[in-house]
Ligand code: SAM
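In full-length UniProt numbering, the protein residues as written are 1 to 244.
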């Protein structure tokens, strides 16, 4: 999968994404990331890309033309007009289902704003999706873009060592993942649950499913409404909610 990231801070983005699992995926050619510097498309002699907002108000705004020219250069390189996600606190809140949908794209452009944002006119022309990473305001779209690349990349076949590990985890079936344990068997006098040492796969699966339901009921009861639970599982969920 190929990402183009339109940003004023390409080093910030590349330093983060060239690390660990995404870094290895880039090395292996499973992912490629072009962080394109919007400042390279500044059209004045001071190389500036921001200006005061009409009508007054605090802060500066990224101008339309450099953002537009950056996207046109990406389109020329790509030979297509790829989908453009503008990272914005005003967008739809990013979630696992959206990551799954974007992972099906061959190419994706992520547009990072800075200062007070970007001139509305260029957003109207090039942006196809508005995505927020949560109800708070950051200084720029770079961290949100990195979050999106990370969440989407691990769904691209081959990026994780074991593709199964992306299949059974939090948010699958609207349930949070069960608790997990590794060696040693006893740590700080806490024993790994016996069922996990039994080698009995059906019992282990049943225990994990129950733990997922209990955990979701305690931490994210809002998800349970969308989860597909049997009558017996609903009882387990209700009991966990009643206890808390
Ligand atoms: N004035 C804008 C508003 O109220 O909607 C906020 C601008 S913010 C200071 C600067 C940039 O950071 C935005 O253009 C956006 O790209 C990014 N940003 C800030 N918070 C974000 C969030 N929660 N999700 C995604 N991007 C965000």
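Positions of the beta carbon are idealized from the N, C-alpha and C atoms, including for glycine. Because the structure is a prediction, the values reported are computed rather than measured.
Annotated three-state conformation of residue 53 is coil, per DSSP.
Sequence-distant partners of residue 116 (beyond 5 residues in either direction) whose C-beta falls short of 8 Å from its own C-beta, in its chain, are 53, 57, 58, 59, 60 and 61.
By a beta-carbon distance limit of 8 Å, residue 113 contacts residue 87. Their separation comes to about 7 Å.
The alpha-carbon separation between residue 224 and residue 178 amounts to approximately 14 Å. With respect to the 9 Å criterion, residue 127 and residue 108 are not classified as neighbours on the basis of their beta carbons. With a cutoff of 9 Å on beta-carbon distance, residue 204 and residue 195 are scored as near each other. With a cut-off of 8 Å, the C-beta of residue 194 is classified as distant from the ligand SAM, since no heavy atom of the ligand falls inside that distance. Residue pairing from DSSP places residue 112 in a beta bridge opposite 87. In the structure shown, residue 191 falls within a strand segment according to DSSP collapsed to helix, strand and coil.
For residue 32, the enclosing beta strand (DSSP E) starts and ends at 32–37. Rounded to the nearest whole angstrom, the C-alpha separation of residue 240 and residue 201 is 25 Å. Taking the Cβ of residue 88 as the reference point, at least one heavy atom of the ligand SAM falls within a distance shorter than 8 Å. Contact between residue 41 and residue 69 holds, with the beta-carbon distance rounding to 4 Å and staying under 8 Å. Looking at the backbone, the Cα of residue 92 and that of residue 98 are separated by about 10 Å. Judged by DSSP in its simplified three-state form, residue 92 adopts strand.
No Cβ-Cβ contact shorter than 9 Å links residue 131 with residue 67.
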